[in-house]
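Q: Here it is, the structure, as structure tokens.
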Amino acid sequence: MRVITSIEDAKALEGEEVGVSDWIVVDQNRIDQFAEATGDYQWIHVDTERAEREMPDGKTIAHGYLTLALIPGLTGNFVDVKNLTRAINFGVNKVRFYTPVPVGARVRGRATVLQARRRAGALMLTSEVQIEVEGERKPACVAETLGMYFFDEQADG
1 MRVITSIEDA KALEGEEVGV SDWIVVDQNR IDQFAEATGD YQWIHVDTER
51 AEREMPDGKT IAHGYLTLAL IPGLTGNFVD VKNLTRAINF GVNKVRFYTP
101 VPVGARVRGR ATVLQARRRA GALMLTSEVQ IEVEGERKPA CVAETLGMYF
151 FDEQADG
């Protein structure tokens, strides 16, 4: 785990891979819960019987946005930001979905720091995150994420 106590520490990580997560399984229950939470019940995600008949591998696939939503959980322990008062998700500059995630597949996250800058009194960290599917050449998702980290300037490192 990389430790950041200042914007300078974060700048030193530019261009560095900061972590690779453990594999997790994307099962039908997770897909169904995402469908329930978002109201996206497209059959390719939730209708296992139809998928068996009509999908190329006979399996449902995870929603692209479910794959994207896995990023915080997969990458949350890559960097330990000390003296933190709060952190917020500032957004995503670019997202691409390259490979579907079939039900039962194992995925993991891999992150590289692209840029660390001071913005509005905080650290703005831009990272590239790839969600890899075990056994696939191409990642399922590549996203350029933005996080804002606010330091307690009064704290002793």
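Using our numbering, you'd call the opening residue of the sequence shown number 1 and step up by one each time. Here a beta-carbon is modelled for each residue, glycine too, at the ideal position from N, C-alpha and C.
Alpha carbons only, please: which of Ala87, Leu74, Phe34 is nearest the one belonging to Gly64?
A: With distances taken between Cα atoms, Gly64 lies closest to Phe34.
Q: Mind checking Gly38: buried by the 16 CB within 10 Å criterion, or exposed?
A: First, the residue type needs correcting, since residue 38 is Thr and not Gly in the sequence shown. The residue in question, Thr38, is exposed, as its Cβ has fewer than 16 Cβ neighbours within 10 Å.
Q: In angstroms, rounded to a whole number, what distance separates the CA positions of Val129 and Asp152?
A: For Val129 and Asp152, the distance between alpha carbons rounds to 27 Å.
Q: Give the range of the alpha helix (DSSP H) segment to which Ala10 is assigned.
A: Residues 7 to 11.
Q: Which class does Thr126 belong to by DSSP, given the choice of helix, strand or coil?
A: The answer is strand: DSSP assigns Thr126 an E or B state.
Q: Hey, could you find the ends of the alpha helix (DSSP H) Asn29 is sitting in?
A: Looking at the DSSP string, the run of the alpha helix (DSSP H) that includes Asn29 is 28 to 38.
Q: Taking Cβ to Cβ, would you say Ile178 is nearer than 8 Å to Val95?
A: It is not possible to answer for residue 178, since the shown part of the chain is limited to 1 through 157.
Q: In angstroms, rounded to a whole number, what distance separates the CA positions of Pro56 and Met1?
A: Rounded to the nearest angstrom, the two C-alpha atoms are 39 Å apart.
Q: Thinking just about the alpha-carbon of each residue, which of Ile24, Met148, Gly15 is nearest to the one in Thr85?
A: That would be Met148, whose Cα lies nearest to the Cα of Thr85.
Q: Pop quiz: Gly21 and Arg108 are said to be a contact at Cβ under 8 Å. What is the actual Cβ separation, rounded to whole angstroms?
A: It is worth fixing the name first, because residue 21 is Ser in this sequence and not Gly. Indeed, because the Cβ distance is near 5 Å, the residues count as touching under 8 Å.
Q: Please state if the CB of Val142 and the CB of Ser127 are separated by a distance shorter than 8 Å.
A: No, these two residues do not count as a Cβ contact at 8 Å.
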